[in-house]
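Here's the structure, in structure tokens; my notes come after.
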Amino acid sequence: AGNVIEVTATYEPSGVPVGDLRTRGELGLVYPLLFQGVGFTDTMLRSTDERSWSSLPSDDAIAQQSVHAAVGRLGFVAVGQSPVGPTAPPSGSKGTRNGSVVIGILAALVLLGAVWFLRRRSPPPPPSGRPRPAVDPWKE
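Be aware that the sequence shown starts at 338, since it is given in the numbering used here, and climbs by one per residue.
What follows is the structure in structure tokens.
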């Protein structure tokens, strides 16, 4: 999900590229929100040659749409997305659309039933024949 990022570093002033890190560094990537519903897990992937990719132990912060991993080597990184559970990701079929239509129809029926129920109740009793005395706030 998202783009491939190349993370590089060089020693200064020699300009020699950094290979392995002495201490693991924390790397975070933010990924775009894909409206495919729930049921996906996001993992950070790393490659040194842009052809073979391996997953890194990472933490998926879904609310922030970010993945964090401790990396010991620089290179190409990306966020990979895979379905959770035995089912495949949702396809572009009409199943989701039909479900939305059914929910909309049910909501409309509930609303119509509530209006009918409120109108069916007996009207409030008419006011009594005696007029209420007028109160003048300026008189004691």
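All residues carry an ideal CB built from backbone N, CA and C; glycine is no exception.
>> Given this structure, state the Cα-to-Cα distance separating Thr380 from Thr345, to the nearest angstrom.
In response: Position 43 of the sequence shown, counted from the start, is the residue given in the question as residue 380. Position 8 of the sequence shown, counted from the start, is the residue given in the question as residue 345. Rounded to the nearest angstrom, the two C-alpha atoms are 20 Å apart.
> In chain order, what residues of the same chain lie with their CB nearer than 8 Å to the CB of Val416, ignoring the 5 residues before and after it?
Replying inline: Start at 1 with the first residue of the sequence shown, and residue 416 comes out as number 79. Hits under 8 Å: Ala338, Gly339, Leu366, Tyr368, Asp379, Thr380, Met381, Leu382 and Val404.
> Could you give the residue range of the beta strand (DSSP E) that holds Arg467?
Replying inline: Mapped onto the sequence shown, residue 467 falls at position 130. From DSSP, Arg467 is part of no beta strand (DSSP E); its letter is neither H nor E.
> Based on the DSSP secondary-structure assignment, which residues constitute the bridge partners of Gln418?
Replying inline: To locate residue 418, count along the sequence shown from 1; it is residue 81. Its beta-bridge partners are Asp379.
>> Using a Cβ-Cβ cutoff of less than 6 Å, which residues in the same chain neighbour Val408 once the five nearest sequence positions on both sides are dropped?
In response: Position 71 of the sequence shown, counted from the start, is the residue given in the question as residue 408. Excluding residues within five positions, the ones whose Cβ falls inside 6 Å are Gly362 and Leu364.
> Is Leu411 close to chain D, meaning its C-beta is less than 8 Å from at least one C-beta of that chain?
Replying inline: Annotation note: the requested chain D is absent from the structure, which comprises a single protein chain.
> Within 10 angstroms of its Cβ, does Ser395 collect 16 or more other Cβ (buried), or is it exposed?
Replying inline: As a position in the sequence shown, residue 395 is number 58, starting the count at 1. Label assigned to Ser395: buried.
> How big is the Cα-Cα spacing for Ala529 and Pro462?
Replying inline: Residue 529 is absent from the model: the chain starts at 338 and stops at 477.
> Between which two residues does the beta strand (DSSP E) containing Ile342 stretch?
Replying inline: What you label residue 342 is simply residue 5 of the sequence shown in a count that begins at 1. Where Ile342 is concerned, the enclosing beta strand (DSSP E) starts and stops at Ile342 to Val344.
> Cα separation between Thr360 and Thr347?
Replying inline: To locate residue 360, count along the sequence shown from 1; it is residue 23. To locate residue 347, count along the sequence shown from 1; it is residue 10. Taking the straight line joining both Cα atoms gives about 16 Å.
> Assuming Arg410 contacts Leu358 under a Cβ cut-off of 8 Å, what Cβ separation, rounded to an integer in Å, is found between them?
Replying inline: In the sequence shown, counting from the first residue as 1, residue 410 sits at position 73. In the sequence shown, counting from the first residue as 1, residue 358 sits at position 21. Indeed, because the Cβ distance is near 7 Å, the residues count as touching under 8 Å.
> Are Phe454 and Val341 close, meaning C-beta to C-beta below 8 Å?
Replying inline: Stepping through the sequence shown from its first residue, residue 454 is reached at position 117. Stepping through the sequence shown from its first residue, residue 341 is reached at position 4. No, these two residues do not count as a Cβ contact at 8 Å.
> Per DSSP, which one or two residues make a beta bridge with Ala445?
Replying inline: Translated into the one-based positions of the sequence shown, residue 445 becomes position 108. When beta bridges are read from the DSSP output, Ala445 appears opposite no residue.
>> I need the straight-line Cα distance from Asp473 to Val438, nearest angstrom please.
In response: One-based indexing of the sequence shown puts residue 473 at position 136. One-based indexing of the sequence shown puts residue 438 at position 101. Counting only the Cα atoms, Val438 lies some 59 Å from Asp473.
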